[in-house]
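A short write-up of the structure that comes next.
Numbering (my numbering), first residue to last: 419 to 537.
Below, the structure written as structure tokens:
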């Protein structure tokens with residue numbers, strides 16, 4: 419199966435996931451840029467390199483936060499079989515394991531709402 423078939427079939431889920439993933443990352447990068455500009459009005463090359471590394475790290479963290487927020491919200495409205503291929507996909511070594519772990523945590527078994535079971 420082509421890995422792009424699932425997103426083509428579920429375009430609304432794909433677009434909302436993409437937008438929700440990008441928003442925190444872009445917001446964090448803009449915020450960090452404003453703070454760094456205030457702290458270092460005339461940066462030297464080392465500061466520029468460290469700022470670039472910080473921007474990449476903040477963007478990656480923002481992507482993970484956005485994907486987690488989308489999953490926690492969308493699991494109430496979208497079937498698990500639709501969401502699962504977005505998170506369980508062995509493609510990128512570090513982030514594939516992280517997204518699979520987030521998915522398992524979001525869908526862990528919930529205790530019954532009536533209270534604990536009586537023996």
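The beta-carbon is built from N, C-alpha and C at its ideal position, and this holds for glycine as well.
Simplified DSSP assignment, three categories, for residue i
i	result
residue 541	The chain is shown only over 419 to 537; residue 541 falls outside these bounds and no answer can be derived.
residue 445	helix
residue 469	helix
residue 460	coil
residue 509	coil
residue 495	coil
residue 526	coil
Cutoff 9 Å: residue i Cβ touching any chain C Cβ
i	result
residue 498	Absent from the structure is chain C; it holds one protein chain and no more.
Contact set for residue i: own chain, Cβ-Cβ below 8 Å, skip 5 residues either direction
i	result
residue 477	443, 444, 446 and 447
Contact set for residue i: own chain, Cβ-Cβ below 7 Å, skip 5 residues either direction
i	result
residue 508	514
Classification of residue i by the beta-carbon crowding that lies within 10 angstroms, buried from 16 upward
i	result
residue 495	exposed
residue 470	exposed
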